[in-house]
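Taking this note's numbering as reference, the numbering of the sequence shown is continuous, increasing by one, and the terminal residue is 264. Glycine is no exception: its CB is placed at the ideal position from the N, C-alpha and C atoms. Here the structure is a predicted model, which is why all the values come from computation and not from measurement. First the structure, in the form of structure tokens, and then the observations on it.
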Amino acid sequence: MHSISFRPLHASDFAMLHDWLCRPHVAEWWMPVPTLAEVEADFTPMLAPDSTDRGYVALRDGQPLGFIQSYVVVGSGDGWWEDERDPGARGIDQFLAHADQLNRGLGSAMVRAFTDQLFADPAVTRIQTDPSPRNARAIRSYAKAGFRALGEVVTPDGPALLMVRERGG
96 MHSISFRPLH
106 ASDFAMLHDW
116 LCRPHVAEWW
126 MPVPTLAEVE
136 ADFTPMLAPD
146 STDRGYVALR
156 DGQPLGFIQS
166 YVVVGSGDGW
176 WEDERDPGAR
186 GIDQFLAHAD
196 QLNRGLGSAM
206 VRAFTDQLFA
216 DPAVTRIQTD
226 PSPRNARAIR
236 SYAKAGFRAL
246 GEVVTPDGPA
256 LLMVRERGG
């Protein structure tokens with residue numbers, strides 16, 4: 096069994112993150128391929144001490160495995176989750192860095208380890224994510240990590256499948 100851990104994202108990780116976001120298996124689902132300047136602009140705010148968005152480099156046996164972020168769902172802004180009222184709800188987004196890591200159980204192991212870490216905070220009541228309904232691999236991975244599908248929703252990025260893991264789930 097491999098050890099999965101997480102360390103906070105640093106500005107020194109932006110070039111690596113940019114490289115990962117440009118890889119076809121990530122860009123297909125994450126966002127349009129960004130420039131390094133766009134990565135810096137998008138991810139620098141989560142480095143602020145008062146940010147409710149947090150980015151992490153996931154590590155497998157001490158080596159970079161991927162990226163995962165968490166955020167407080169209430170008040171996330173920009174048209175996201177405007178009906179959410181639970182201050183304990185957290186959202187996550189993630190990807191594996193290397194295409195050869197896909198379909199090996201690493202994504203679900205990473206998500207399970209990260210959500211277990213989030214649930215160590217008693218204020219966290221549930222964790223949600225929103226893969227594209229077309230992203231069968233991500234949906235399977237989240238299900239293996241204990242998430243259940245609640246149904247399709249419309250987000251600022253388009254249709255998504257809202258998936259939730261409850262405390263104890």
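Delimiting residues of the alpha helix (DSSP H) encompassing residue i
i: F109; result: 109-116
i: V121; result: 119-122
i: R232; result: 231-239
For residue j and residue i, the rounded distance between their alpha carbons
i: P226; j: A208; result: 19 Å
i: E123; j: W115; result: 12 Å
i: L104; j: R199; result: 24 Å
i: V248; j: I187; result: 16 Å
i: L142; j: R235; result: 31 Å
i: P254; j: N230; result: 11 Å
i: G241; j: A215; result: 16 Å
i: G42; j: F138; result: Nothing about residue 42 can be reported from this structure: the residues present for the chain run from 96 to 264 only.
Beta-carbon gap between residue i and residue j smaller than 8 Å
i: T147; j: V167; result: yes
i: R180; j: R221; result: no
i: G183; j: V219; result: yes
i: T210; j: R243; result: no
i: R185; j: S203; result: no
i: Q189; j: I163; result: yes
i: L257; j: Q223; result: yes
i: A153; j: M205; result: yes
Presumed contact (8 Å Cβ cut-off) between residue i and residue j, rounded CB distance
i: V134; j: F109; result: 5 Å
i: P275; j: M111; result: In the structure displayed, the chain extends from 96 to 264; residue 275 sits before or after that span and is not available.
i: G191; j: G161; result: It is worth fixing the name first, because residue 191 is Leu in this sequence and not Gly. Confirmed, about 4 Å.
i: S98; j: D156; result: 6 Å
Limits of the beta strand (DSSP E) - the one that residue i falls within
i: R243; result: 243-250
i: L256; result: 253-261
i: S227; result: Run containing S227: none; DSSP gives neither H nor E here.
i: P103; result: 99-103
Query - Inside the segment 138-222 only - alpha helix (DSSP H) runs reaching at least 4 residues - result: Fully contained in the segment 138-222 are the following alpha helix (DSSP H) runs of length 4 or more, in chain order: 201-214.
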